[in-house]
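I have placed the structure first, in the form of structure tokens, so that the comments after it can refer back to it.
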Amino acid sequence: MSVDYAIVTKSVYKTYRSGFWGRKLTPALLGVDLSIKEGEIFGLLGPNGAGKTTLLNIFSCQLLPDSGEVWVLGNEITHQATNRLKSRLNMCSGNPNFPWSLTVEENLKFYSLLYGLCRKDCKKTIEKSMEMFGLEKFRHTRYDELSSGNKQRLALAKALINNPEVLFLDEPTIGLDPDIARKIRKEVFNIHKEKKNTIILTTHYMKEAEELCERIAFIKDGEIKALGTRDELLEMTKSENLEEAFLELAE
0 MSVDYAIVTK SVYKTYRSGF WGRKLTPALL GVDLSIKEGE IFGLLGPNGA
50 GKTTLLNIFS CQLLPDSGEV WVLGNEITHQ ATNRLKSRLN MCSGNPNFPW
100 SLTVEENLKF YSLLYGLCRK DCKKTIEKSM EMFGLEKFRH TRYDELSSGN
150 KQRLALAKAL INNPEVLFLD EPTIGLDPDI ARKIRKEVFN IHKEKKNTII
200 LTTHYMKEAE ELCERIAFIK DGEIKALGTR DELLEMTKSE NLEEAFLELA
250 E
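No gaps in the numbering here: position 127 of the sequence shown is 126 in numbering that gives the first Met the number 0, and each next residue is one more.
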């Protein structure tokens, strides 16, 4: 597998079972083919239930596909490979969930140790993370006492604690005030500029995708409907902006 690509999928299918005795089958992914370059910010857009989160969960080794191939950092995703790969990946969700009674510093220490950092490196990493996201003055503040913006900054700090080669951002600014969302986007851009890691972003905010993503895939009903740069998608859909293109592809 070429090292030029962080993630490659070939004809990936995933179905969920639900209902009485799991008799109802709901397809989530229908033959997804994708190639995501190393070091790019790649956007996944699509309506609710399109398959974005399922795809992220497979990429991040939290879920296995029913069929097809998934390669992450040169390794095919299998039961045996997932544990080996997880230390090289991390995820930040737009709805972060941390132990509510732990402080910012305690939470970062907990996740540092969880990712196998030695105590010496742990302290250095925590200090750098808090400085990067302006959390130093909140180091002794409990998670449940943080503002929504600082909760999201903590989520980003946690997601970088193991210096991941691939970072997954699942709607990182959902529900945030526009000014805080803008600051989070700037922080994401600066992270990428400094670390040159691969970032995969799902979002409902077209402005966010336009500002951050080098290429964008549009997924609907478990299938990739369009893929390209912002300008290529606008040309493909004969649209003036990404929001118009989104609406065109969502029909």
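Note that beta-carbon positions come from the ideal geometry of N, C-alpha and C, so glycine has one too.
These numbers were taken from a predicted model, which means no experiment stands behind them.
Hey, residue i and residue j are a contact pair by Cβ (cut 8 Å); roughly how many whole angstroms apart?
| i | j | result |
| --- | --- | --- |
| Ala216 | Leu33 | 6 Å |
| Glu37 | Thr197 | 6 Å |
| Ser111 | Thr102 | The pair is not a contact, with the Cβ atoms about 14 Å apart (cut-off 8 Å). |
| His191 | Ile40 | 6 Å |
| Lys136 | Cys121 | The pair is not a contact, with the Cβ atoms about 21 Å apart (cut-off 8 Å). |
| Ala225 | Leu232 | 6 Å |
Please go through the same chain and pick out, in chain order, the residues whose beta-carbon is closer than 8 Å to the beta-carbon of residue i, but skip the five residues on each side of it.
| i | result |
| --- | --- |
| Thr52 | Asp169, Thr201 |
| Asp143 | Trp99, Ser100 |
| Pro171 | Cys91, Ser92, Gly93, Gln151, Ala154, Leu155, Ile183, Val187, Leu200, Thr202 |
| Gly148 | Leu175, Asp176, Ile179, Lys182, Ile183 |
| Glu104 | Ile125, Met129, Arg138, His139 |
| Gly163 | Per the sequence shown, the amino acid found at residue 163 is Pro instead of Gly. These residues qualify, in order along the chain: Arg87, Leu88, Asn89, Asn196. |
| Leu116 | Thr124, Ile160, Asn161 |
Give every residue of the same chain whose Cβ lies closer than 7 Å to the Cβ of residue i, excluding the five residues on either side of it in the sequence, and list them in chain order.
| i | result |
| --- | --- |
| Ser17 | Lys23, Thr25 |
| Ile35 | Tyr4, Ala5, Ile6, Phe41, Thr197, Ile199 |
| Lys9 | Asp32, Gly67, Glu68 |
| Glu209 | Arg229, Leu241 |
| Met0 | In this prediction, Met0 has a pLDDT of 47, which is less than 50 and means its spatial position is unreliable; nothing more can be read from the coordinates. |
| Asp65 | Tyr12, Lys13, Thr14 |
| Glu290 | Within the shown structure, residues of the chain are numbered from 0 to 250, placing residue 290 beyond reach of any answer. |
| Ser238 | Ala244, Glu247 |
| Phe19 | none |
Considering only the alpha carbon of each residue, which of the options lies closest to residue i?
| i | options | result |
| --- | --- | --- |
| Arg229 | Ala244, Asp178, Asn161 | Ala244 |
| Leu63 | Leu43, Ala27, Arg87, Ser86 | Ala27 |
| Asn240 | Tyr204, Cys117, Lys185, Gly21 | Tyr204 |
| Lys194 | Asp220, Ile35, Ile160, Gly227 | Ile160 |
| Ile218 | Lys9, Leu248, Ile76 | Leu248 |
| Arg83 | Asp65, Ser66, Cys60 | Cys60 |
| Tyr114 | Leu134, Asn96, Lys85 | Lys85 |
| Phe167 | Cys212, Arg141, Lys9 | Cys212 |
| Ser146 | Glu209, Cys117, Pro95 | Pro95 |
| Asn189 | Phe132, Gly21, Asp220 | Phe132 |
| Arg214 | Ile76, Gly227, Trp20, Gly21 | Gly227 |
| Phe97 | Arg141, His78, Leu116, Thr77 | Arg141 |
| Asp220 | Gly21, Glu250, Ile76, Lys206 | Glu250 |
| Leu134 | Leu116, Cys117, Asn106 | Asn106 |
| Phe58 | Cys117, Leu246, Val165, Asp65 | Val165 |
Excluding sequence positions up to five away, which residues of its chain have a Cβ less than 6 Å from the Cβ of residue i?
| i | result |
| --- | --- |
| Lys157 | Tyr110 |
| Glu222 | Leu29 |
| Ala80 | Asn74 |
| His78 | none |
| Ile173 | Gly93 |
| Leu285 | A question about residue 285 goes unanswered here, because the residues of the chain that appear run from 0 up to 250. |
Is the CB of residue i under 8 Å away from at least one CB in chain D?
| i | result |
| --- | --- |
| Ile183 | Structure shown: chain D not included; a single protein chain is present. |
*For the 8 Å Cβ check, are there 3 or more pairs between the stretch 61–81 and the stretch 38–47?*
no
*Contact between the stretch 53–64 and the stretch 3–14: three or more CB pairs below 8 Å?*
yes
*Within the stretch 24–70, ranges of the alpha helix (DSSP H) (whole runs, at least 4 residues)*: 51–58
*Which runs of the alpha helix (DSSP H) fall wholly inside the stretch 66–99 and span at least 4 residues, in chain order?*
78–85
_List, from N- to C-terminal side, the alpha helix (DSSP H) runs of 4 residues or more that fit wholly inside the stretch 169–217._
177–194, 205–211
*Just list the beta strand (DSSP E) runs in the stretch 104–170, keeping only unbroken ones of 3 residues or longer that don't cross its boundaries, in chain order.*
165–169
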